[in-house]
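Engineer: Residue numbers (the working numbering), protein chains in the order written: chain D, 116 to 211; chain Z, 3 to 477. From the three backbone atoms N, C-alpha and C, an ideal C-beta is built for every residue, glycine too. My structure is below; once you've seen it, I'll send some questions.
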Amino acid sequence: MGVDERIAMLEADAAAALIALERQRAGLSQVLERLGHVGATVLPQPPSQRWKGFAEAAYETRLRLLRGRFDDLLATVENAVTSTDAAIAGLGSHVG
Amino acid sequence: MSDDVEISGGGSTVVASDELLWHAELLRQLSAEAQELVARLGVIDSSADGWSLARAGGPWAAARAEDAIDSARHQLYGIGEESRGLSGALLASAESYARVERFVGHLSEQASAAVGYLTGVLLPLTLLWLVPALSGAAAGAVLGTVLAPGGPKAVIAGLEQWVKENSRLVSNPTVVSLLRSAIMSSDDAIMGAVHVPPSIAALLGDEGVGLTGVGMTAALLSTVGGKAGILGETGVRTVQTSETTIATPPQGFAERMERVPNGDNGGSQLLVERYSIPGEPDRFEVYVAGTADFSPLATDEPWDMTSNVAGVGGLPAGSYRAAVDALAQAGVTPDSPIVFNGFSQGGLIAAMLAGSGDYNTAGLLTFGAPAGNVALPDTFPAIAVEHSEDIVPATGGDQINPSVIVARRDVFGDTEVPTYEIFPAHQRDTYTSTAHLLDEQHSTLLMGAIHTLDNFGAGATEIVATTYHAERVPG
């Protein structure tokens, strides 16, 4: 295989990878948007009143931990988006 | 005022605040969302796999993105499991709270039934022993009532004043609960007095098959009272008082409560709305007013204490017969779909109509009604709104229908109980404010039921609202 052929093949691989990364980026954006909606509408806020006959303190602690885990998840998905953006930029410069 | 609303019934064994049930529902939804997003991230991850990226000379950033996606999947999975567990724990806690409440309630019922029975058995002996003292006291009371400046009216006014001044006591949830227990055991006292064997009494009463109960006591009171000149039933006459076209059917709790007529001072006691929907038979929504006259002596007002007692006793109260007459005048047939609403005695009448089997009932909503003892089928959504401090629903005994959703609010909570009304927790305004609060609730059980009622009049091209006034007549 000649150098030109190898370059052409690498460029084709890079172009395919770029398309895949862009698809990944679009998918991650949708997930991030969905998580924003879930965080605003589904993730419970701390209770606003006393719940008769219920161990509120234990529940509030677990809910606080859950909300913390949800914040960590958002940060992780944002990190995936940032890294994907960087990968697209890096690969794009090769393909371009 | 307190905004705490407790939800029970509706076929569920859970007793919990609306907010707790809403949290359980949200956490269940969160778990489902997490599961779906784990799957979606899996698809995203496979769209740009590491090997292809490596072959294309992909930068390190691509590998970091892939790690982050893997990590996000694990985190989401954990969140899904945690929220599912937490939702289950909330419901389990509400369930065990309800179980303890039921157990304590059952013990209390049995104890009060036994005390009631014993009181009945010992009554003749006790009376014999107390006759001299009682006759003195009774004679004093009667003489006091008759000879008091202003006569019996003044005594009743004085009693009203006492209740107002002691509104904190009569509006205490514990007192209300004790009254409910006392009323539930009143049939046991009667059976004890006539020497029904204890085992048979237990079998017949509320704690057994429920052949006797609150209704039996009220029916007895109505019958005996009628012979003594009080609580005596009469004939009724119902006439239409107005007819108007209105724009929309009611939505939610507050709009329904606000449509219940105020029958005080000779006002109309019934409102019937007829919904015309093209291609369908007419359907109706009915609103029944609360008690207008609290005197045990029947005047011309059928929404009185006589109807209250007869109604709790399951007898054809004057107000019930007036409502049946109004429905017939409005064109309601046994097949017409119909929703019943009512406040106080109106709620009792609404429940009796809904449970009579004479109508094609599609829903029931009551506010502060002594209707716990009215048997209802579970074929339509039924909601009973009560205040923990309201003595009136307690006079109807315990709620016997597991399918009825009971929304109970501690209306005063830690705040001062007002003394300007006789029963501050039973006021129309207080129930209207609770109705507004209920419109802001979230639990699927409560809101699902009210949304079913809200859809009842959907698609109506014409709504005609007709009011009726009824009065007692001899016969």
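Taking Cβ to Cβ, would you say E473/Z is nearer than 9 Å to V238/Z?
Structural biologist: Yes.
Engineer: How would you call Q145/D, buried or exposed, if buried means at least 16 neighbouring beta carbons within 10 angstroms?
Structural biologist: When all chains shown are included, Q145/D counts as exposed.
Engineer: Helix, strand or coil for R411/Z per DSSP?
Structural biologist: Looking at R411/Z - three-state DSSP - the assignment turns out to be strand.
Engineer: Looking at chain D, which residues of the segment 61-73 of chain Z have a Cβ within less than 7 Å of any of its Cβ atoms?
Structural biologist: Going along the segment 61-73 of chain Z in chain order, one finds P61, A63, A64, R66, A67, A70, I71 and S73 with a Cβ nearer than 7 Å to chain D.
Engineer: At 8 Å on the CB atoms, spell out the chain D contacts of G80/Z, in chain order.
Structural biologist: Within 8 Å Cβ-Cβ: R184.
Engineer: Quick check on H438/Z - is its C-beta less than 9 Å from some C-beta in chain D?
Structural biologist: So no, H438/Z is outside the interface.
Engineer: What three-state label does DSSP hand I351/Z in the structure shown?
Structural biologist: Looking at I351/Z - three-state DSSP - the assignment turns out to be helix.
Engineer: Look up T363/Z in the DSSP assignment and give the residues it is bridged to.
Structural biologist: T363/Z pairs with I340/Z.
Engineer: Do we get a CB-CB distance below 9 Å when we pair A91/Z with the residues of chain D?
Structural biologist: Output row for A91/Z: interface = yes.
Engineer: So for T247/Z, helix, strand or coil by DSSP?
Structural biologist: T247/Z falls in the strand class under three-state DSSP.
Engineer: Whole angstroms are fine: how far does the CA of P251/Z sit from the CA of R276/Z?
Structural biologist: Approximately 10 Å, taken between the alpha carbons.
Engineer: Assign A141/Z to one of two classes, buried (16 or more other C-beta atoms within 10 Å of its C-beta) or exposed (fewer than that).
Structural biologist: Here the model assigns A141/Z a pLDDT of 40, short of 50, so the residue's position is not dependable and the matter cannot be decided.
Engineer: For the alpha helix (DSSP H) that contains A312/Z, what are its first and last residues?
Structural biologist: Here the alpha helix (DSSP H) through A312/Z covers M307 to V314.
Engineer: Looking at the secondary structure, which residues open and close the beta strand (DSSP E) in which E388/Z lies?
Structural biologist: E388/Z -> beta strand (DSSP E) spans A384 to H389.
Engineer: Would you identify the three-state DSSP class for E464/Z, choosing helix, strand or coil?
Structural biologist: Residue state, collapsed to three classes: strand.
Engineer: With distance defined between alpha-carbon atoms, name the residue in H444/Z, A427/Z, S179/Z and L272/Z nearest to N343/Z.
Structural biologist: Closest option to N343/Z, Cα to Cα, is L272/Z.
Engineer: Can you list, in chain order, the residues of its chain with a C-beta nearer than 8 Å to that of G254/Z? Leave out the 5 residues immediately preceding and following it.
Structural biologist: Excluding positions up to five away in sequence, the list reads A437, L440, D441, I452 and D456.
Engineer: The beta strand (DSSP E) spanning V274/Z covers which residue range?
Structural biologist: Note, V274/Z: beta strand (DSSP E), L272 to S278.
Engineer: Nearest to D6/Z by alpha carbon, out of F414/Z, T463/Z and T432/Z?
Structural biologist: When only C-alpha atoms are compared, the closest one is F414/Z.
Engineer: Got a sec? Which residues, its chain only, sit under 8 Å from F345/Z by beta carbon, not counting five neighbours each side?
Structural biologist: M259, V262, V290, A291, G292, T368, F369, G370, A371, R430 and Y433, listed in sequence order.
Engineer: Scan the segment 135-207 of chain D and note each continuous alpha helix (DSSP H) run of 4 residues or more that stays entirely inside, going in chain order.
Structural biologist: Fully enclosed alpha helix (DSSP H) runs of 4 or longer: not present.
Engineer: Alpha carbon to alpha carbon, what distance is there between S445/Z and W467/Z?
Structural biologist: Contrary to the premise, residue 467/Z reads as Ala rather than Trp in this sequence. Between A467/Z and S445/Z, the C-alpha separation is close to 31 Å.
Engineer: Between which two residues does the alpha helix (DSSP H) carrying G44/Z extend?
Structural biologist: Residues D20 to S49.
Engineer: Which residue comes first and which comes last in the beta strand (DSSP E) that contains G11/Z?
Structural biologist: Where G11/Z is concerned, the enclosing beta strand (DSSP E) stretches over V7 to G11.
Engineer: How would you call T397/Z, buried or exposed, if buried means at least 16 neighbouring beta carbons within 10 angstroms?
Structural biologist: It is buried - the Cβ of T397/Z has at least 16 other Cβ atoms within 10 Å.
Engineer: Tell me R285/Z's beta-bridge partners as DSSP assigns them.
Structural biologist: Y277/Z.
Engineer: Between which two residues does the alpha helix (DSSP H) harbouring F255/Z extend?
Structural biologist: Its alpha helix (DSSP H) spans residues G254 to R261.
Engineer: With 7 Å as the C-beta to C-beta threshold (strictly closer), list the residues of the segment 265-299 of chain Z near chain D in chain order.
Structural biologist: Listed in sequence order: no entries.
Engineer: Give every residue of the same chain whose Cβ lies closer than 8 Å to the Cβ of E137/D, excluding the five residues on either side of it in the sequence, and list them in chain order.
Structural biologist: The answer, listed in chain order, is I203.
Engineer: How long is the line joining the alpha carbons of Y1/Z and L355/Z, rounded to whole angstroms?
Structural biologist: What is shown of chain Z runs 3 to 477, which leaves residue 1/Z out entirely.
Engineer: Alpha carbon to alpha carbon, how far is V326/Z from V274/Z? Give it in angstroms, no decimals.
Structural biologist: Answer to the nearest angstrom: the Cα atoms are 11 Å apart.
Engineer: With 7 Å as the C-beta to C-beta threshold (strictly closer), list the residues of the segment 188-202 of chain D near chain Z in chain order.
Structural biologist: Within the segment 188-202 of chain D, the qualifying residues are L188, T191, V192, N194, A195, S198, T199, A201 and A202.
Engineer: So for A472/Z, helix, strand or coil by DSSP?
Structural biologist: Correct three-state label for A472/Z: strand.
Engineer: For the segment 356-380 of chain Z, which residues have a beta carbon sitting closer than 9 Å to at least one beta carbon of chain D?
Structural biologist: Result list empty, no residue passes.
Engineer: Does the beta-carbon of N264/Z have 16 or more other beta-carbons within 10 angstroms, so that it is buried, or is it exposed?
Structural biologist: N264/Z is exposed by the Cβ-count criterion.
Engineer: Kindly indicate the opening and closing residues of the alpha helix (DSSP H) around I424/Z.
Structural biologist: Neither: I424/Z is in no alpha helix (DSSP H) and is coded neither H nor E.
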